[in-house]
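Student: Questions regarding the structure given below will be posed in turn.
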Amino acid sequence: MYPTVALDLDGVLLDFEAAWKTCAAWTLRRPVERITDDYALEDRFGLSRREVAKVWDAFHQGNWWERVHPYPEAWDLIEHLSGLGACVWAVTNVDARHLHARALSLEGMIPESRIITLGAKAMPEDRVAILRDLRATAFLDDRLDNVHAALPYVPICSWIHRDYRGFGEPENGVLVIDDLRDFGTVLQDFLYPVLVATA
-11 MYPTVALDLD
-1 GVLLDFEAAW
9 KTCAAWTLRR
19 PVERITDDYA
29 LEDRFGLSRR
39 EVAKVWDAFH
49 QGNWWERVHP
59 YPEAWDLIEH
69 LSGLGACVWA
79 VTNVDARHLH
89 ARALSLEGMI
99 PESRIITLGA
109 KAMPEDRVAI
119 LRDLRATAFL
129 DDRLDNVHAA
139 LPYVPICSWI
149 HRDYRGFGEP
159 ENGVLVIDDL
169 RDFGTVLQDF
179 LYPVLVATA
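Numbering-wise (this note's numbering), the sequence shown opens with residue -11 and increments by one.
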């Protein structure tokens, strides 16, 4: 039986920060730079809530979701997962109207038919319901609350630490990685422990 792997998109496979920062500079007509390691956008970029709302409006109304490009190492991970025979799904907190844009931004990495859009207001429990329906073997996200919620239901729950502050500490059982490519190794070690033990 082939493993089912569920991946978050923004901050995992896709460089959301770069696209959002570019949109912010274009919308606000001034340079926008990361000034802290906070996850919240207003703190990360030193913007007011009103400015953040203005940027989000522009992001949703333009074609910015299509411009959220993959991290270079995302291709390495997908190739590794494919080599393991994994069926890879994307699960993202974006509204369904942006589904095709999500597929375009992935550049063929994951088929549109395997992208699940939960909506911007989705809670971690909504994601868990999808993971359970998929019978996911492994799950990777950059939000620790999503990973914690999935922990009782998914054998491999991994958090990619992108150096953002404000998440707290990972619970026991969460696999923390800081390089996207390491997730493929984690899955390989889980699926083929005998090979690892005899290597």
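The C-beta atom is built at its ideal place from N, Cα and C for all residues, glycine as well.
How would you write the range of the beta strand (DSSP E) that Trp77 sits in, first residue to last?
Tutor: As a working note, residue 77 is residue 89 in the sequence shown. Note, Trp77: beta strand (DSSP E), Cys75 to Thr80.
Student: Looking at C-alpha atoms only, which residue of Ala91, Pro60 and Ser36 is the closest neighbour of Asn51?
Tutor: Here residue 51 corresponds to residue number 63 of the sequence shown, with the count starting at 1. It is Ala91.
Student: Which residue wins for smallest C-alpha separation from Asp166, given the options Pro158, Asp151, Asn160 and Asn134?
Tutor: Position 178 of the sequence shown, counted from the first residue, corresponds to residue 166. When each option's Cα is compared against that of Asp166, the closest is Asp151.
Student: Does the Cβ of Trp8 have 16 or more other Cβ atoms within 10 Å, making it buried, or fewer, making it exposed?
Tutor: Here residue 8 is taken as the residue at index 20 of the sequence shown, counted from 1. With 16 or more other Cβ atoms within 10 Å, it is buried.
Student: Can you pull the DSSP bridge partners for Arg153?
Tutor: If you number the sequence shown from 1, residue 153 lands on position 165. Per DSSP, Asp26.
Student: Go through its chain and collect everything with a Cβ distance to Trp147's Cβ below 6 Å, but skip five positions before and after it.
Tutor: Here residue 147 refers to the residue found at position 159 of the sequence shown. The residues are Leu132, Val135, Pro158, Val162 and Val164.
Student: So Asp203 packs on Asp129, CB below 8 Å; how close in whole Å?
Tutor: Residue 203 falls outside the range modelled here, since the chain spans only -11 to 187, and no answer is possible.
Student: When burial is assigned at 16 or more other CB atoms within 10 Å of the CB, is Pro143 buried or exposed?
Tutor: Numbered from 1 along the sequence shown, position 155 holds the residue referred to as residue 143. Exposed.
Student: Take Ala185 and list the residues in its own chain whose beta-carbon comes closer than 6 Å to its own, dropping the five residues that flank it on each side.
Tutor: As a working mapping, residue 185 is identified with position 197 in the sequence shown. Low local confidence applies: a pLDDT of 44 at Ala185 is under 50, so the model's placement there is unreliable, with the coordinate-based value given in what follows. Closer than 6 Å at Cβ, skipping near neighbours: no residue.
Student: Taking the C-alpha atoms as reference points, what is the distance between Asp45 and Asp(-2)?
Tutor: Within the sequence shown, the letter at position 57 stands for residue 45. Within the sequence shown, the letter at position 10 stands for residue -2. Answer to the nearest angstrom: the Cα atoms are 18 Å apart.
Student: Beta carbon of Ala(-6), beta carbon of Phe127: below 7 Å?
Tutor: Against the sequence shown, residue -6 aligns to sequence position 6. Against the sequence shown, residue 127 aligns to sequence position 139. Result yes, Cβ atoms of Ala(-6) and Phe127 sit closer than 7 Å.
Student: By the DSSP assignment, the alpha helix (DSSP H) with Leu175 in it spans what residues?
Tutor: Residue 175 sits at position 187 when you count from the first residue of the sequence shown. Here the alpha helix (DSSP H) through Leu175 covers Asp170 to Leu179.
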